[in-house]
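For the sequence shown, UniProt numbering gives the first residue as 1, with consecutive numbering after it.
Note that beta-carbon positions come from the ideal geometry of N, C-alpha and C, so glycine has one too.
Below: one structure, written as structure tokens.
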Amino acid sequence: MSRPGSAAKRGPMTAKPTSSHRARINIIYYSMYGHVATLAKSIAKGAEAADAEVRLIQIPETLSQEVLGKMYAPEKDSAVPTITFGEASDNTVTLEDALVNCDGIILGFPTRFGGMPAQVKAVWDATGGLWMKGALVGKPLSIFFSTGSQGGGQETTALTSLTNFIHHGMLFVPLGYSTPLSGNMDEIHGGSAYGAGTYAGSDGKRQPSELELKIAEHQGTFFTQTATALKIGRAALPPKEASPPDPKPEEGHKKHDRPPSAKK
């Protein structure tokens with residue numbers, strides 16, 4: 001249920017799903033200075049408002065503690081589990097668990113020169129096995145992001161990330177202008193038709209504004225409604241036959257191994 005003044009003012013409206021149709025949404029993110037993590041929590045709030053079962057999952061860091069210290073990066077949130085490329089242990093989840101065991105993914109990351117950072121790219125570079133199995137085909141996905149400035153990649157970061165999802169056959173769910181808040185011209189704010197966003201500033205001191213958090217919350221609701229509708233629709237489809245029989249030739253028609261025109 002939307003609260004008065006909340007961001008979820010427009011978009012598909014669905015009946016509250018039954019427990020069996022409740023969407024499982026994984027919000028997977030990488031955040032160095034906390035801006036993306038803050039957006040992730042607002043997105044989770046919106047997804048839960050649409051009755052989703054939400055998991056927050058962090059993408060692992062690849063930089064050393066020495067380098068992170070020189071960059072004045074704060075500690076990661078120890079309450080949020082992190083993806084591991086090996087076997088899961090305490091406070092970690094496997095890559096397959098994070099990407100496959102859900103009905104939809106909302107992925108968040110900062111920009112690096114107009115594209116996703118190496119930490120996030122490393123995750124998608126490790127999905128070759130999932131690609132071979134078609135494990136992510138048809139899975140809905142949405143994105144959100146953080147940049148240093150207005151010209152720092154609010155659109156290019158989104159655009160250059162899409163190839164990863166398209167090669168997997170995933171269904172990209174853009175934010176569009178499903179909320180009038182995205183068109184607010186009263187203040188400078190991050191985000192675009194591709195997803196919610198924020199500006200960190202050149203020194204990283206700027207934090208997500210109230211407007212940016214409301215747009216992020218709306219994205220969580222909007223995406224969950226879409227993923228839930230897709231889940232309910234797929235459940236209504238007739239089950240596929242594992243091995244459909246070969247069609248028999250019609251009586252009175254000669255069966256050809258090849259078309260007559262091919263026999264030369």
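Between residue i and residue j, how many whole angstroms is the CB-CB distance? I'm expecting something under 8 Å.
i, j, result
"T179", "I215", "6 Å"
"P208", "L39", "6 Å"
"T111", "G152", "6 Å"
"A235", "H35", "The Cβ separation is near 37 Å, so there is no contact."
"L95", "A135", "Incorrect: roughly 11 Å between the Cβ atoms, too far for contact."
When the distance is taken between beta carbons, is residue j closer than 8 Å to residue i?
i, j, result
"F109", "Y30", "yes"
"L141", "L107", "yes"
"N26", "A98", "yes"
"G176", "A196", "no"
"P227", "D51", "The displayed chain sequence assigns Ala, not Pro, to residue 227. No, they are not a contact pair."
"G148", "A200", "yes"
"Q58", "F144", "no"
"T82", "P117", "no"
"S146", "T198", "yes"
"G138", "L171", "yes"
"R24", "E53", "yes"
"G190", "E212", "yes"
"I105", "Q150", "no"
"V93", "L56", "no"
"A122", "T84", "no"
"G46", "E217", "yes"
Which residues share a DSSP beta bridge with residue i?
i, result
"F109", "F145"
"T127", "T127 pairs with nothing; no bridge assigned."
"T226", "DSSP output for T226 lists no bridge partner at all."
"V93", "I83"
"T198", "S146"
"R24", "E53"
State the DSSP-derived secondary structure class of residue i, mapped to helix, strand or coil.
i, result
"V100", "helix"
"R234", "helix"
"N164", "helix"
"T156", "helix"
"E61", "coil"
"P140", "strand"
"L39", "helix"
"L56", "strand"
"G115", "strand"
"L175", "coil"
Taking its Cβ as the centre, do 16 or more other Cβ atoms sit within 10 Å of residue i, making it buried, or is it exposed?
i, result
"E167", "Rather than Glu, the amino acid found at residue 167 in this sequence is His. That one is exposed."
"G86", "exposed"
"A132", "As written in the sequence, residue 132 is Met, which differs from the Ala given in the question. Exposed, by the Cβ-count rule."
"I43", "buried"
"F223", "buried"
"K231", "buried"
"E241", "Note that E241 has pLDDT 49, beneath the 50 cutoff, so the model's placement of it is unreliable and the number below is only indicative. With fewer than 16 other Cβ atoms within 10 Å, it is exposed."
"L181", "buried"
"V67", "exposed"
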